[in-house]
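Protein chains: 2
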Amino acid sequence: MLSNLDCFLSSALRLQTPSLLATTPESEYGSWVLASVLLTLVVVYAASKLGGELSKRLNLPPVLGELVGGVVVGVSALHLLVFPESGATAEGSAIMGLLQSLGGLDAAAITHIFESQSEVISVLAELGVIVLLFEIGLESDLRELSKVGSQAAIVAVVGVAAPFLLGTVGLVMLFHSPVIPAIFAGAALTATSIGITSKVLSELGHLKSTEGQIIVGAAVIDDVLGIIVLAVVASLAKTGEVDLLNVVYLILSASGFLLGSIFLGKFFNQSFVAIADKLQTRGALLIPAITFAFVMAFLANVIHLEAILGAFAAGLVLDETDKRKELDQQVMPVADLLVPIFFVTVGAKADLGVLNPAIAENRAGLVIAAFLITVAIVGKVVTGWAVFGKPGINRLAIGVGMIPRGEVGLVFAGIGSASGVLDKPLEAAIIMMVILTTFLAPPLLQLVLDEPEELSGEGTATLPAVD
Amino acid sequence: MLSNLDCFLSSALRLQTPSLLATTPESEYGSWVLASVLLTLVVVYAASKLGGELSKRLNLPPVLGELVGGVVVGVSALHLLVFPESGATAEGSAIMGLLQSLGGLDAAAITHIFESQSEVISVLAELGVIVLLFEIGLESDLRELSKVGSQAAIVAVVGVAAPFLLGTVGLVMLFHSPVIPAIFAGAALTATSIGITSKVLSELGHLKSTEGQIIVGAAVIDDVLGIIVLAVVASLAKTGEVDLLNVVYLILSASGFLLGSIFLGKFFNQSFVAIADKLQTRGALLIPAITFAFVMAFLANVIHLEAILGAFAAGLVLDETDKRKELDQQVMPVADLLVPIFFVTVGAKADLGVLNPAIAENRAGLVIAAFLITVAIVGKVVTGWAVFGKPGINRLAIGVGMIPRGEVGLVFAGIGSASGVLDKPLEAAIIMMVILTTFLAPPLLQLVLDEPEELSGEGTATLPAVD
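Protein sequence lines, in the order shown, are assigned to chains A and B.
Just so it is clear: in the first sequence, position 405 is 405 by the UniProt record's numbering, and no numbers are missing.
Just so it is clear: in the second sequence, position 83 is 83 by the UniProt record's numbering, and no numbers are missing.
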């Protein structure tokens, strides 16, 4: 394209004409921050589409491809998408390197641009998972979800207790770990990633099945339990004691928030429809809906729950209105653009270097990791058999649906490492566990959902068909 | 709502339980940055919808209401949406004040959160105007636009030359300004804001009329001319000389980019359709289209043009495909969410304090401002009479469509002030000119477009109808 020529011409000429247009630092930075965000989004979309399409062609859930696409452009390979939280600097970012050579920017400028770009992409990724959970809420049926409420609660409780106990006791008995680090690692095994699980269910068309609704309901409850467990172990790591008041507060606020918003949502429904009907300008339906989702996400965030829980509750509430179908259609393109940023970012942040056996700490962590991964899978798979009163249900699918740990596990590893509770091998083992459960869950879930009954096996699974 | 109760309960309890969940600074900041962005977006959407709907009820273009809504929440009134570039600090932001009291955050944390939030909202606003121009490009017809190309070029050239000459000569002759500041102020009068003009045209359903296409075409050319003028006066202000090489480079790269992308776009069209047809995962059409728009915006940005020109060119190219209608529909919800962020931000950044006659500098600037505003309006309105070969065309509408100056004028004022060329009264006068032309253009344009012919007047204009 000629534009590429222009671009080369530009960088060649710029040597002689050093940024005349940008006399004030802000305006210069502003324009380069925008350029870096645009380029990063192009990389994100390319990675998500290449990965997603390839995955689809291999008959795997597209989200797995998006995660792998993220790994390829991220810290483990091409370094196009790296983040300061994981220790990356502007020099370590290939995109910043390109911009630096295009714009002749100095180190201070490029560091500022790198930090701003990382902040913007991180927030876009978070908005992505908020919109995803809002969409999942819209696709879920509150009545269906209430019907399986007690089953979901059992699955969530067993799915927190089993890996926690197995992990903690196992580490102490088998690996002679001290108790506090063992509790910490056990806790890191508890929280399921709603985002990955619900996206796979949605892609496989199983979101509205009884199994799907149990998994989503359990993942939501599990997320709340995970936050409570995190509060407990964080205070344990910090002060050696458990702050009971905080735990009680979290339990009350979480149940109050979820039940309260759904209960009051029934009344809000009508006002929402009335408002949307009165508006005459563009976005008459979408803007009130997204505003509601953002308000709920904000409230959930501020009371120390996760923002995505608020967005999910907002989706559930609006699902009950007769605007639902129209809203679904308008949220879809927004989700199409924002959700891939989340999954590619998750992949990009996963440092596969932790799996490299050439590094001593990784080798030491490898046996522990194998143990943690086994516990992580077994501890969640058993939850399917805790479901009662639903004969003929695909118990294995429910258990497998709870496997992916995602970002919450990484938060545990980060806090544990920062507070000095976890040694390097144990931290590496936790990260390996999170990465593997995240990447294994989509294909496993597809495998067991393709099966007609509780039996799993490789014999009948549909094989890849590349065209 | 119960969630509000939770929220108060939370802030009350937090006094006793200081953020146990957030041991690592990044994770704490990250969650608060997200909270501040969510809250800001809620404020932006509330302001845009309240303003837009009220404007619509008063029979005015909704975008005027969005701008005014921005003023209300911005630096001039409620201080909910303020930006560090305009000298605001975290203490001056009402949203940061709220978060500080909710989270018990210290000054360093709140400053970091404020800067990150401002950066994210600024980039979202820029993505908003990029998506807007992409949409305008999609709605414009390349063949129609080529037909009026020479008329648009004449309008653009006259619309740059007339206000520049009138302004510069007038300042020297009437106000005895020194030559360099006068040239600078004259230059600030040149560039039309494509965003505001095209949005109003689209809202009034006049985008595809001959007048509309001439205005949009002229605004695009005008934007390029404005960038060249900016480069000239910036180098004049810096070194006292004009860097001819840079001017030649800008003219070549701008024409090369716009013509080249449209010419090569004809070939790219087919590959685009072929790619979109092959994709099987979600966002099969939207993601390639937006990626193309972002690539073009990035290239335009990197060769020192404006990103929005690239997005407009991308829209023009994709308008030629048979996917156009489907694409229009999918881009719409995305634009609905992003575009208001741009207009509300423009309003929020407009500091109406500059109009306060109690401040001495403003009084001194007031007479100059009255002169600049007259020149700004007259200098653009005359452009309509430069159109040739189109008998019966609404010349007044074309001239009025070129009136709004928007952000480019503010960039001039900023650079002039930073380099010490402009004294305070002249800077204030330029800012007043930008604010007033921006806010006057939408109602004026509606007034003259409602008229059947070249005649304007208040007699026949439809009067406000409130329901």
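Just so you know, even glycine gets a beta-carbon here, dropped at the ideal spot from N, CA and C.
A/Leu-305 versus A/Ala-218: straight-line alpha-carbon distance, rounded: Translated into positions along the first sequence, residue 305 of chain A becomes position 305. Translated into positions along the first sequence, residue 218 of chain A becomes position 218. Cα-Cα distance, rounded: 16 Å.
Within the region 250-316 of chain B, ranges of the beta strand (DSSP E) (whole runs, at least 3 residues): none
A/His-176 - DSSP class collapsed to helix/strand/coil: In the first sequence, residue 176 of chain A corresponds to position 176, counting from 1. Correct three-state label for A/His-176: coil.
Test: A/Ile-287 CB closer than 8 Å to a CB of chain B: Looking up residue 287 of chain A in the first sequence gives position 287. Chain B, which has a Cβ nearer than 8 Å to the Cβ of A/Ile-287, makes this yes.
Exposure of A/Val-448, with buried meaning 16 or more beta-carbon neighbours within 10 Å: Here residue 448 of chain A corresponds to residue number 448 of the first sequence, with the count starting at 1. Buried, by the Cβ-count rule.
A/Gly-353 (DSSP reduced to helix, strand or coil): By one-based count along the first sequence, residue 353 of chain A stands at place 353. Helix, per DSSP.
Rounded straight-line distance, which links the Cα of A/Arg-324 to that of A/Gln-330: As a position in the first sequence, residue 330 of chain A is number 330, starting the count at 1. As a position in the first sequence, residue 324 of chain A is number 324, starting the count at 1. Whole-angstrom Cα-Cα distance: 10 Å.
Residue burial classification, B/Val-169 (beta-carbon count within 10 angstroms, cutoff 16): For the purposes of this step, residue 169 of chain B is identified with residue 169 of the second sequence, where counting begins at 1. By the neighbour-count rule (16 or more Cβ atoms within 10 Å), B/Val-169 is not buried but exposed.
Separation of B/Ile-130 from B/Gly-399, as counted between CA atoms: As a first step, residue 399 of chain B is located in the second sequence; it is residue number 399 there, counting from the start. As a first step, residue 130 of chain B is located in the second sequence; it is residue number 130 there, counting from the start. The alpha-carbon atoms of B/Gly-399 and B/Ile-130 are separated by roughly 24 Å.
Local Cβ density within 10 Å of B/Arg-405, reported as buried at 16 or more and exposed below that: Numbered from 1 along the second sequence, position 405 holds the residue referred to as residue 405 of chain B. B/Arg-405 should be labelled buried.
C-alpha distance - B/Gly-401 paired with B/Met-433, whole-angstrom precision: Position 401 of the second sequence, counted from the first residue, corresponds to residue 401 of chain B. Position 433 of the second sequence, counted from the first residue, corresponds to residue 433 of chain B. Taking the straight line joining both Cα atoms gives about 16 Å.
At least three beta-carbon pairs within less than 8 Å, the region 41-61 of chain B to the region 336-348 of chain B: yes
Cβ neighbour criterion (16 or more within 10 Å) applied to B/Arg-395: One-based indexing of the second sequence puts residue 395 of chain B at position 395. Buried.
At least 3 beta-carbon pairs within less than 8 Å: the region 37-47 of chain B vs the region 69-80 of chain B: yes
Per-residue DSSP class, three states only, for A/Glu-211: In the first sequence, residue 211 of chain A corresponds to position 211, counting from 1. Helix, per DSSP.
Proximity winner among A/Asp-223, A/Thr-281, A/Leu-285, A/Val-233, relative to A/Ala-413 (alpha-carbon distances): What you label residue 413 of chain A is simply residue 413 of the first sequence in a count that begins at 1. Out of A/Asp-223, A/Thr-281, A/Leu-285, A/Val-233, A/Val-233 has the C-alpha closest to the C-alpha of A/Ala-413.
B/Ala-428 - containing alpha helix (DSSP H), residue span: Reading the second sequence from its first residue, position 428 is the one you call residue 428 of chain B. Element bounds for B/Ala-428: 424-450.
Cβ pair A/Glu-427, A/Ser-419 closer than 8 Å: On the first sequence, residue 427 of chain A is found 427 positions in, with the first residue counted as 1. On the first sequence, residue 419 of chain A is found 419 positions in, with the first residue counted as 1. Their beta carbons are not under 8 Å apart, which means A/Glu-427 does not touch A/Ser-419 by this criterion.
Beta-carbon proximity of B/Ile-121 to B/Val-387, cut-off 8 Å: Position 121 of the second sequence holds residue 121 of chain B. Position 387 of the second sequence holds residue 387 of chain B. For B/Ile-121 and B/Val-387, no; Cβs fall outside 8 Å.
Span of the alpha helix (DSSP H) around A/Val-381: Position 381 of the first sequence holds residue 381 of chain A. Where A/Val-381 is concerned, the enclosing alpha helix (DSSP H) stretches over 360-381.
Three-state secondary structure (DSSP) of A/Glu-241: Counting from one through the first sequence, the residue named residue 241 of chain A turns up at place 241. A/Glu-241 falls in the coil class under three-state DSSP.
Closer than 8 Å to chain A by CB, B/Thr-190: As a position in the second sequence, residue 190 of chain B is number 190, starting the count at 1. Answer no: the Cβ-Cβ gap between B/Thr-190 and chain A never drops below 8 Å.
Nearest-angstrom Cα separation, counted from A/Phe-292 out to A/Leu-422: Residue mapping note: residue 422 of chain A aligns to position 422 of the first sequence, counting from 1. Residue mapping note: residue 292 of chain A aligns to position 292 of the first sequence, counting from 1. Roughly 40 Å separates the two Cα atoms.
Supposed close pair B/Val-346, B/Leu-67 - CB separation, criterion 8 Å: Taking the second sequence and counting its residues from 1, the one referred to as residue 346 of chain B is at position 346. Taking the second sequence and counting its residues from 1, the one referred to as residue 67 of chain B is at position 67. Right, the Cβ-Cβ distance comes to about 6 Å (below 8 Å), so this counts as a contact.
Cβ of B/Val-448 within 8 Å of any chain A Cβ: By one-based count along the second sequence, residue 448 of chain B stands at place 448. No, no contact with chain A.
Residue burial classification, B/Ser-235 (beta-carbon count within 10 angstroms, cutoff 16): Reading the second sequence from its first residue, position 235 is the one you call residue 235 of chain B. Buried is the call here.
For B/Phe-114, the first and last residue of its enclosing alpha helix (DSSP H): Here residue 114 of chain B corresponds to residue number 114 of the second sequence, with the count starting at 1. Unbroken alpha helix (DSSP H) run through B/Phe-114: 107-139.
Contact list for A/Ala-297 against chain B, beta-carbon separation under 9 Å: For the purposes of this step, residue 297 of chain A is identified with residue 297 of the first sequence, where counting begins at 1. The contacting residues are Leu-34, Ala-35, Leu-38.
Buried/exposed call for B/Lys-278, threshold 16 Cβ in 10 Å: By 1-based counting over the second sequence, the position of residue 278 of chain B is 278. B/Lys-278 is exposed by the Cβ-count criterion.
With 16 other Cβ atoms within 10 Å as the buried cut-off, status of B/Pro-442: On the second sequence, position 442 is the one that residue 442 of chain B refers to. When all chains shown are included, B/Pro-442 counts as buried.
Three-state secondary structure (DSSP) of B/Gly-65: Reading the second sequence from its first residue, position 65 is the one you call residue 65 of chain B. Residue state, collapsed to three classes: helix.
Spatial neighbours of A/Ala-289 in its chain, beta-carbon cut-off 7 Å, leaving aside the 5 residues before and after: As a working note, residue 289 of chain A is residue 289 in the first sequence. Closer than 7 Å at Cβ, skipping near neighbours: Leu-318, Leu-327.
Whole-angstrom C-beta distance between A/Glu-126 and A/Ala-307, which should lie under 8 Å: As a first step, residue 307 of chain A is located in the first sequence; it is residue number 307 there, counting from the start. As a first step, residue 126 of chain A is located in the first sequence; it is residue number 126 there, counting from the start. Right, their Cβ atoms sit about 7 Å apart.
B/Ile-393: CB within 7 Å of a non-hydrogen atom of the ligand SAH: With respect to small molecules bound, the structure shown includes none, and the ligand SAH cannot be examined in it.
Beta carbon proximity, B/Lys-56 to chain A, threshold 8 Å: By 1-based counting over the second sequence, the position of residue 56 of chain B is 56. Yes, because at least one Cβ of chain A sits closer than 8 Å to the Cβ of B/Lys-56.
Alpha-carbon spacing of B/Leu-39 relative to A/Ile-275, whole angstroms: Numbered from its first residue, the second sequence carries residue 39 of chain B at position 39. Numbered from its first residue, the first sequence carries residue 275 of chain A at position 275. In a straight line, the C-alpha of B/Leu-39 is about 20 Å away from that of A/Ile-275.
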